[in-house]
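Count along the sequence shown from 1, then add 1; that gives the number in the working numbering. Backbone N, C-alpha and C define an ideal beta-carbon position, used for all residues, glycine too. Please read all numbers here as calculations on a predicted model, not as lab measurements.
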Amino acid sequence: MKTINLQINWYIYLLQLIASVLLYVVLLHSGLEFVAKVLGVSGAALTMVTLISSIIGKKYVHIDKAGFSYRSWSQVNYLHSDEIATLKVTKLLGAYLVSVELSSKKQIAFPYWLANLEDIQRAAKEFNCPLAGVIDTEVKA
């Protein structure tokens with residue numbers, strides 16, 4: 002199995018920026034000008050820093066035959082294929098979001114990353130685990 006590199010979820014970054022602007026506007030109209038500036042600017046700045054770190058490769062999610070590897074800031078984490086109990090796929094605005102349920106029942110979601118459904122189906126077959134979510138007729142793992 003080739004390494005699958007999950008793509009950046011532009012939708013969620015856009016939603017975060019919109020939420021920061023809306024929060025700024027609501028707080029500004031509520032008379033909380035200082036709070037509006039602090040929360041609005043810090044929310045937008047944090048979103049942009051996170052997005053830029055994803056673009057330059059400081060954050061990533063890879064799937065290969067060994068399992069998932071993902072990096073958040075300076076920490077690299079691994080989900081080994083033998084620990085993966087279920088791959089879950091959620092369709093949102095035409096994009097597929099992936100989450101993993103481990104055999105310990107711990108759930109790890111990757112909302113900032115998008116996956117191709119065919120790639121996730123191949124990964125489920127490679128890991129010999131069920132694929133849950135989406136419409137049952139769409140998912141044949």
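Does residue i pass the burial test, meaning 16 or more other C-beta atoms within 10 Å, or should it be called exposed?
| i | result |
| --- | --- |
| V25 | Here the sequence assigns Tyr to residue 25, which means Val is not the residue at that position. When all chains shown are included, Y25 counts as buried. |
| N10 | buried |
| P131 | exposed |
| G58 | exposed |
| I5 | buried |
| D137 | Below a pLDDT of 50, predicted positions are generally treated as unreliable, and D137, at 45, falls in that range; no measurement from the model is reported. |
| A110 | exposed |
| S21 | buried |
| V90 | buried |
| E139 | Summary for E139: the model assigns pLDDT 46, below 50, so the residue's position carries little reliability; its value from the coordinates is reported in the next sentence. Result: exposed. |
| L23 | exposed |
| L52 | buried |
| K3 | exposed |
Please name the residue, chosen from the options, that lies closest to residue i on a Cα-to-Cα basis.
| i | options | result |
| --- | --- | --- |
| Q8 | A46, G41 and I56 | I56 |
| R123 | S73, A20 and L88 | L88 |
| A46 | L103, T4 and L15 | L15 |
| K66 | F128, A96 and R72 | F128 |
| S105 | Q76, K126 and A86 | A86 |
| L118 | L103, I109 and G134 | G134 |
| Q17 | L29, V27, G41 and K3 | G41 |
| W74 | S54, L93 and V39 | S54 |
| K126 | H30, G68, A96 and L93 | G68 |
| I19 | K38, R72, T48 and E84 | T48 |
| E84 | V22, G44, V101 and S21 | V101 |
| Y71 | V99, K38 and L29 | V99 |
Mind checking whether the beta-carbon of residue i lies closer than 7 Å to any heavy atom of the ligand GTP?
| i | result |
| --- | --- |
| D83 | Here there are no bound small molecules, and the ligand GTP is not part of this structure. |
In this structure, what does DSSP give as the bridge partners for residue i?
| i | result |
| --- | --- |
| Q108 | E102 |
| S73 | Q76 |
| T91 | L98 |
| Y113 | Answer is none; Y113 lacks a bridge partner. |
| I5 | I64 |
| I85 | L103 |
| G134 | V90 |
Decide yes or no for the touch test of the stretch 69 to 83 against the stretch 22 to 40: beta carbon pairs closer than 8 Å, at least 3 of them. The count of Cβ pairs closer than 8 Å, one atom from the stretch 69 to 83 and one from the stretch 22 to 40, stays below three, leaving the stretches out of contact.
Taking three-plus beta-carbon pairs below 8 Å as touching, is the stretch 54 to 69 in contact with the stretch 98 to 115? yes
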